[in-house]
Amino acid sequence: MLDTQDKQEIEELVELKVKAILKENNYDINIRLVKIEEELKHQRELIQQVIHTMDKRFESMDKRFEAMQHTMDKRFEDMQHYMDKRFESVDKRFESVDKRFEDMNQRFNQLTWIIGTGFVVLGTMISVFRFLG
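With the working numbering, the residue at position 26 of the sequence shown is 312, and numbering never jumps.
Next comes the structure, spelled out in structure tokens:
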């Protein structure tokens with residue numbers, strides 16, 4: 287069997303070995319933590335770059351939408367102006383058609399009056415010739 291001194295030496299050796307293993311593992315853990323922190327920092331930088339790029343793209347999209355809106359507004363105004371002119375021209379045509387109908391109505395009234403007068407004269411003449419004849 288082992289005496290007390292041997293036991294103590296063995297315990298010291300085991301303790302030294304355990305400390306060495308823990309120190310080595312602690313060193314490995316620290317190295318891994320440093321690597322993880324560096325990778326996280328790199329990931330944050332990438333995310334910031336992506337966000338910056340997305341912001342620029344959104345700004346350019348906003349500018350394009352504004353330009354499209356301006357173009358559509360301009361086209362709508364042009365179309366509205368064109369339609370106003372077309373309606374004015376249609377109104378003028380209707381006015382000229384109304385005038386022609388009024389002229390025709392006057393002529394029809396004159397013709398009706400002439401025909402009516404002719405029938406009255408003809409009827410009177412027939413009555414006079416019958417009476418005399």
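We treat Cβ as the ideally placed atom computed from N, Cα and C, and that holds for glycine.
Residue i (DSSP reduced to helix, strand or coil)
| i | result |
| --- | --- |
| ASP289 | coil |
| GLY409 | helix |
| GLY419 | coil |
Cβ-heavy atom distance, residue i to the ligand FAD, below 7 Å
| i | result |
| --- | --- |
| ARG330 | Judged by which ligands are present, the structure shown has none, so any question about the ligand FAD falls away. |
Fully enclosed by the region 351-391, which beta strand (DSSP E) runs are 3 residues long or longer? none
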